[in-house]
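Please read the structure below before turning to the comments.
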Amino acid sequence: MKNFTDKLSPSITNMIRMDHTSVLETFHQYEMNSAPQTKKALVGTICIALEIHAQLEEEIFYPAMSHLAADTPIVGKSVPEHNEMRRLIAQLRAMEATDPTYDQTFLQLMKDVMHHVADEETTLLPDAERLIPDRLGELGMQMTKRRLQLMAPRAGEMAMNTARTFPTSSMLVAAGAVLAGTYFAKRTMSRHH
Ligand SMILES: [Fe+2]
Ligand SMILES: [Fe+2]
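Sequence positions in the sequence shown follow this note's numbering and run 2 to 194.
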């Protein structure tokens with residue numbers, strides 16, 4: 002009988018797809034006109050997500066696929082692509098969001114990640130589902146365990162980035178309240194005339 006946990010754990014391929022979806026969604030929140038600190042915080046969230054995802058793939062998913070290398074040539078270029086991504090991440094971290102090349106560097110990272118994700122989702126993940134269907138649950142379990150280990154030391158950093166993306170929305174609420182206040186003040190004043 003298959004391990005009980007295998008049935009509870011999502012397959013590693015679906016977990017990888019979920020990670021891709023969530024990081025792309027964060028990429029889509031970046032706007033050219035956003036405040037520099039909002040950009041920095043979004044980029045911070047994206048970078049941590051990408052680093053953890055890449056490490057999980059390299060430690061758990063790619064090794065499971067690489068012994069089938071003849072069928073999956075894409076594994077060979079995946080690690081160099083992760084390294085190129087890490088180079089752009091390091092560049093973004095070292096830069097101020099007001100740097101004239103910040104947006105461009107961010108967009109390059111986005112382009113590379115979209116390309117890499119497209120390759121994985123159209124080649125590697127279907128290959129895994131075709132070649133090692135029985136191992137996907139167990140690998141998914143391993144990925145969950147390892148993810149918790151990798152996330153623990155970075156929890157503070159992640160919370161900080163999330164908090165930094167919020168001031169904008171609280172400021173909008175505050176601005177809304179001020180506008181509403183002005184409106185009521187005007188109405189009250191006009192009644193006195
Ligand atoms: Fe990857
Ligand atoms: Fe991936």
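We put the beta carbon where it would ideally sit given N, CA and C, even for glycine.
Give every residue of the same chain whose Cβ lies closer than 6 Å to the Cβ of residue i, excluding the five residues on either side of it in the sequence, and list them in chain order.
i, result
"Pro37", "Ala98, Thr99"
"Ala42", "Asn162, Arg165, Thr166"
Taking all protein chains shown into account, decide if residue i is buried (16 or more other Cβ within 10 angstroms of its Cβ) or exposed.
i, result
"Ser23", "exposed"
"Gly138", "buried"
"Ser12", "buried"
"Thr102", "exposed"
"Lys40", "buried"
"Val179", "With a pLDDT of 49 at Val179, under the threshold of 50, the modelled position of that residue is not reliable, and no figure is offered here."
Suppose you measure from the CA of residue i to the CA of residue j; what does that come to, to the nearest Å?
i, j, result
"Arg87", "Glu52", "7 Å"
"Thr46", "His54", "12 Å"
"Asp113", "Ile90", "12 Å"
"Met33", "Gln105", "10 Å"
"His117", "Ser35", "26 Å"
So, residue i versus residue j, is the Cβ gap smaller than 9 Å?
i, j, result
"Met142", "Phe28", "no"
"Leu108", "Cys48", "no"
"Thr145", "Met16", "yes"
Hey, could you find the ends of the alpha helix (DSSP H) residue i is sitting in?
i, result
"Pro37", "37-57"
"Asp113", "103-120"
"Glu26", "13-29"
For residue i, which residues from the same chain have a beta carbon less than 8 Å from its beta carbon, with the 5 sequence-adjacent residues on both sides left out?
i, result
"Pro134", "none"
"Arg148", "Ile53, Leu57"
"Val80", "Glu59, Tyr63"
"Met96", "Thr102, Tyr103, Thr106"
Go through its chain and collect everything with a Cβ distance to residue i's Cβ below 7 Å, but skip five positions before and after it.
i, result
"Thr14", "Leu126, Ala129, Glu130, Leu137"
Within 9 Å (strictly less), CB to CB, does residue i reach chain C?
i, result
"Lys41", "Absent from the structure: chain C. Only one protein chain is present."
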